[in-house]
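Chemist:
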Amino acid sequence: HGEVSDEIVEQVHAHVLKGMGLIVLHSGHFSKIFKRLMGTTCDLKWREAGEKERVWVVAPGHPIADGIGEYFEIPHEEMYGEYFDIPEPETVVFVSWFQGGEVFRSGCCYRRGHGR
3 HGEVSDEIVE QVHAHVLKGM GLIVLHSGHF SKIFKRLMGT TCDLKWREAG
53 EKERVWVVAP GHPIADGIGE YFEIPHEEMY GEYFDIPEPE TVVFVSWFQG
103 GEVFRSGCCY RRGHGR
């Protein structure tokens, strides 16, 4: 993440505020742009576990969840867990459960300016 210049972060930030959508995946929670948009540390619990993750759809009517059943599983995954230092999401679409018992708000939606 440190290789992304602050100038690029500012450009992406400006585009999001003007209406561009942004999807941040996996370990992108520590990216400069995500931290900038969230305004928090974005800290969370993490371990390289290689265990099963079950991703529950908790907002089945949301467009991001279209065509997905009640849940799906990833057989071998890193563990991400709460507490996840992010603002209260507008919508939580997915909540993950890991074999070690941890849970994680794994699909959160926000509006920033005119962007989503």
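Terminal number for the sequence shown in the numbering used here: 118, no gaps in between.
By construction, the Cβ of each residue, glycine as well, lies at the ideal position given by its N, Cα and C atoms.
Expressed to the nearest angstrom, what Euclidean distance is found between the alpha-carbon atoms of Ser-29 and Ile-70?
Modeler: Each residue's Cα considered, the two are about 22 Å apart.
Chemist: For Arg-38, which of helix, strand or coil comes out of DSSP?
Modeler: Three-state result, Arg-38: helix.
Chemist: Just to confirm my understanding: we take Ala-61, look at its own chain, exclude 5 residues before and 5 after, and list those with CB closer than 7 Å. What are they?
Modeler: These residues qualify, in order along the chain: Ala-67, Thr-93, Val-94, Val-95.
Chemist: By Cβ distance below 6 Å, which residues in the same chain neighbour Lys-47 in space, the five residues on each side in sequence not counted?
Modeler: Result list for Lys-47: Gly-83, in chain order.
Chemist: Would His-116 be called buried (16 or more neighbouring beta carbons within 10 Å of its own) or exposed?
Modeler: Burial call: exposed.
Chemist: Between which two residues does the beta strand (DSSP E) containing Glu-50 stretch?
Modeler: Element bounds for Glu-50: 47–59.
Chemist: Could you check where the beta strand (DSSP E) with Glu-12 kicks off and where it finishes?
Modeler: Segment 8–20 is the alpha helix (DSSP H) holding Glu-12; no beta strand (DSSP E) there.
Chemist: Would His-78 and Gly-52 qualify as a contact pair, given that the criterion is a beta-carbon distance under 7 Å?
Modeler: Yes, the Cβ-Cβ distance between His-78 and Gly-52 is below 7 Å.
Chemist: With a threshold of 7 Å between beta carbons, is Lys-20 in contact with chain C?
Modeler: Absent from the structure: chain C. Only one protein chain is present.
Chemist: Under the rule that 16 or more other beta-carbon atoms within 10 Å means buried, what is Glu-104, buried or exposed?
Modeler: Looking at its Cβ environment, which holds 16 or more other Cβ atoms inside 10 Å, Glu-104 is buried.
Chemist: Reducing DSSP to helix, strand and coil, say where Gly-23 ends up.
Modeler: Residue state, collapsed to three classes: coil.
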